[in-house]
Amino acid sequence: MTSPESKKLLELLWKNYPGPSDYEKMKDKVGKMRDNFVQATKNFATPPAGTEIQAVDVDGVPGEWVCAPGVDQDRVLLYLHGGGYVIGSIQTHKGLIAALSRAANCRALALDYRLAPEHRYPAAVEDATKAYRWLLAQGFKPGKISIAGDSAGGGLTLATLVALRDAGTPLPGAAAPISPWTDLEGTGESMRTKVDVDPMVEPGGLFGMARIYLGDADPRQPTASPLYADMKGLPPLLIQVGDLETLLDDATRTAANAKAAGVDVTLEVWPEMVHVWHLFAPMVPEGRAAIARIGQFIVQHTD
Numbered sequence: 008m009t010s011p012e013s014k015k016l017l018e019l020l021w022k023n024y025p026g027p028s029d030y031e032k033m034k035d036k037v038g039k040m041r042d043n044f045v046q047a048t049k050n051f052a053t054p055p056a057g058t059e060i061q062a063v064d065v066d067g068v069p070g071e072w073v074c075a076p077g078v079d080q081d082r083v084l085l086y087l088h089g090g091g092y093v094i095g096s097i098q099t100h101k102g103l104i105a106a107l108s109r110a111a112n113c114r115a116l117a118l119d120y121r122l123a124p125e126h127r128y129p130a131a132v133e134d135a136t137k138a139y140r141w142l143l144a145q146g147f148k149p150g151k152i153s154i155a156g157d158s159a160g161g162g163l164t165l166a167t168l169v170a171l172r173d174a175g176t177p178l179p180g181a182a183a184p185i186s187p188w189t190d191l192e193g194t195g196e197s198m199r200t201k202v203d204v205d206p207m208v209e210p211g212g213l214f215g216m217a218r219i220y221l222g223d224a225d226p227r228q229p230t231a232s233p234l235y236a237d238m239k240g241l242p243p244l245l246i247q248v249g250d251l252e253t254l255l256d257d258a259t260r261t262a263a264n265a266k267a268a269g270v271d272v273t274l275e276v277w278p279e280m281v282h283v284w285h286l287f288a289p290m291v292p293e294g295r296a297a298i299a300r301i302g303q304f305i306v307q308h309t310d
């Protein structure tokens with residue numbers, strides 16, 4: 008049964024729903040979009056007291072160590088924030104990242120990968136793969152590393168795994184894409200059937216972000232839209248998605264493709280949950296439960 012807090016959140020999100028958007032409305036307002044996202048997440052972005060935060064240069068990419076008190080220092084989660092490859096940052100997701108560090112009993116390396124339109128595809132993939140290789144260079148064992156991300160960061164998680172595998176790089180022990188955006192063409196049926204129940208991801212705005220990120224690149228390239236990637240050989244995956252999401256079919260089709268390729272994949276479709284409900288964990292118990300589940304999964308596959 009959906010919690011009263013979740014129902015209240017859904018009402019609040021619809022109350023603040025900005026309405027349909029598109030590329031023409033977005034292309035010259037990226038700065039304002041970024042500022043708005045910071046404001047929208049500020050009440051949920053503060054990590055708990057005692058969280059250790061340390062800025063780090065990840066081979067030229069800005070990052071931060073985000074560590075809950077007393078976590079295992081030999082295990083690490085590489086976290087890739089969401090925001091359509093256009094907005095978002097460590098700042099907007101720091102509360103979630105700290106919660107995942109605590110749940111998974113490991114250090115978290117949060118990455119401020121390059122965003123579009125200043126840096127179009129494949130800049131984000133290049134930065135994420137560089138960060139993973141940097142962790143290996145710091146002495147972390149592949150089996151002690153996990154990768155997670157939400158929305159675009161969930162798609163980037165999968166794209167990173169594909170790029171690393173294709174390069175022959177030893178892969179991490181596990182990955183957890185949250186509400187992943189894996190099809191930048193938006194061909195999933197839920198992009199149409201869930202429009203009236205999803206107050207967070209509106210197709211026109213999503214297509215606009217895809218155009219800003221891709222430029223003239225082919226949206227079906229495997230590291231742009233991992234839905235179209237060969238997933239053979241990827242590590243165990245936990246994919247979580249809410250059943251109210253326009254991106255529902257991105258998650259379900261990607262999970263099906265991974266399973267067909269022989270990947271150990273767990274798909275969790277959470278009833279009555281919105282896009283990346285984990286961000287609202289301070290308010291919503293389902294967010295805390297989903298984070299705890301990710302933590303259990305990471306511990307299981309990286310201990």
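Converting from the sequence shown to this note's numbering requires adding 7 to each position, the first position being numbered 1. In this text, a Cβ means the ideal position worked out from N, Cα and C, and glycines have one as well.
Would a C-beta distance cut-off of 8 Å place residue i and residue j closer than the cut-off?
{"i": "I185", "j": "V283", "result": "yes"}
{"i": "W188", "j": "D257", "result": "yes"}
{"i": "A181", "j": "I97", "result": "no"}
{"i": "V132", "j": "T48", "result": "no"}
{"i": "I152", "j": "T164", "result": "no"}
{"i": "V272", "j": "A265", "result": "yes"}
{"i": "F51", "j": "L286", "result": "yes"}
{"i": "S28", "j": "V291", "result": "no"}
{"i": "L84", "j": "A62", "result": "no"}
{"i": "T259", "j": "L274", "result": "yes"}
{"i": "S232", "j": "D190", "result": "yes"}
{"i": "Q247", "j": "A297", "result": "yes"}
{"i": "G240", "j": "R172", "result": "yes"}
{"i": "Y24", "j": "R127", "result": "no"}
{"i": "P210", "j": "P177", "result": "no"}
{"i": "F44", "j": "G95", "result": "yes"}
Are there 16 or more other CB atoms within 10 angstroms of the CB of residue i, so buried, or fewer, so exposed?
{"i": "R199", "result": "exposed"}
{"i": "K101", "result": "buried"}
{"i": "A315", "result": "In the structure displayed, the chain extends from 8 to 310; residue 315 sits before or after that span and is not available."}
{"i": "P243", "result": "buried"}
{"i": "A156", "result": "The sequence shown places Gly at residue 156, rather than the Ala named in the question. By the neighbour-count rule (16 or more Cβ atoms within 10 Å), G156 is buried."}
{"i": "W21", "result": "exposed"}
{"i": "K201", "result": "buried"}
{"i": "D205", "result": "buried"}
{"i": "A56", "result": "exposed"}
{"i": "E293", "result": "buried"}
{"i": "L122", "result": "buried"}
{"i": "T53", "result": "exposed"}
{"i": "L17", "result": "buried"}
{"i": "L213", "result": "buried"}
{"i": "G162", "result": "buried"}
{"i": "G70", "result": "buried"}
{"i": "G195", "result": "buried"}
{"i": "A75", "result": "buried"}
{"i": "P179", "result": "buried"}
{"i": "A144", "result": "exposed"}
Among all the DSSP beta bridges, which residues are the ones paired with residue i?
{"i": "Y86", "result": "A117, A155"}
{"i": "V93", "result": "Beta-bridge pairing links V93 to no other residue."}
{"i": "W72", "result": "Q61, L116"}
{"i": "D79", "result": "C113"}
What residue range does the beta strand (DSSP E) around residue i cover?
{"i": "I60", "result": "59-65"}
{"i": "L245", "result": "244-249"}
{"i": "A52", "result": "A52 -> no beta strand (DSSP E), and no H or E assigned at all."}
{"i": "E275", "result": "272-277"}
{"i": "A181", "result": "181-185"}
Compute the beta-carbon to beta-carbon distance between residue i and residue j, rounded to the nearest angstrom, for a pair I have assumed lies under 8 Å.
{"i": "S197", "j": "L255", "result": "4 Å"}
{"i": "S158", "j": "G89", "result": "3 Å"}
{"i": "A138", "j": "V68", "result": "6 Å"}
{"i": "G215", "j": "M8", "result": "Incorrect: roughly 36 Å between the Cβ atoms, too far for contact."}
{"i": "V73", "j": "W141", "result": "In fact, because the Cβ distance is near 16 Å, the residues do not count as touching under 8 Å."}
{"i": "A227", "j": "E192", "result": "Rather than Ala, the amino acid found at residue 227 in this sequence is Arg. About 7 Å; that satisfies the 8 Å criterion."}
{"i": "M207", "j": "V270", "result": "Actually they are not in contact, since the Cβ atoms of M207 and V270 sit about 28 Å apart, beyond 8 Å."}
{"i": "A117", "j": "T58", "result": "With 8 Å as the limit, A117 and T58 do not qualify as a contact, their Cβ atoms being about 11 Å apart."}
{"i": "T7", "j": "A217", "result": "Outside the shown range of the chain, which is 8 to 310, sits residue 7, and nothing can be said about it."}
{"i": "Y86", "j": "L107", "result": "7 Å"}
{"i": "T261", "j": "L234", "result": "5 Å"}
{"i": "V37", "j": "P124", "result": "6 Å"}
{"i": "R109", "j": "T309", "result": "Contact doesn't hold; Cβ gap of about 15 Å is too wide."}
{"i": "I60", "j": "A183", "result": "Contact doesn't hold; Cβ gap of about 22 Å is too wide."}
So is residue i in contact with chain B if we call contact Cβ pairs under 8 Å?
{"i": "A111", "result": "No chain B is present in this structure, which holds just one protein chain."}
Between which two residues does the alpha helix (DSSP H) harbouring residue i extend?
{"i": "G212", "result": "210-221"}
{"i": "D29", "result": "Unbroken run through D29: none, as it is neither H nor E."}
{"i": "Q303", "result": "292-309"}
{"i": "A264", "result": "For the record, residue 264 in the displayed sequence is Asn; it is not Ala. 255-267 is the span of the alpha helix (DSSP H), which, as asked, contains N264."}
{"i": "T200", "result": "197-200"}
{"i": "T2", "result": "Any answer about residue 2 is impossible in this case: the structure gives the chain only from 8 up to 310."}
{"i": "D190", "result": "Unbroken run through D190: none, as it is neither H nor E."}
{"i": "L234", "result": "No alpha helix (DSSP H) holds L234; DSSP gives it neither H nor E."}
{"i": "R140", "result": "130-144"}
Do residue i and the ligand FMN come close, with the Cβ less than 7 Å from some heavy atom?
{"i": "D257", "result": "Looking at this structure, you won't find the ligand FMN or any other ligand, since it has none at all."}
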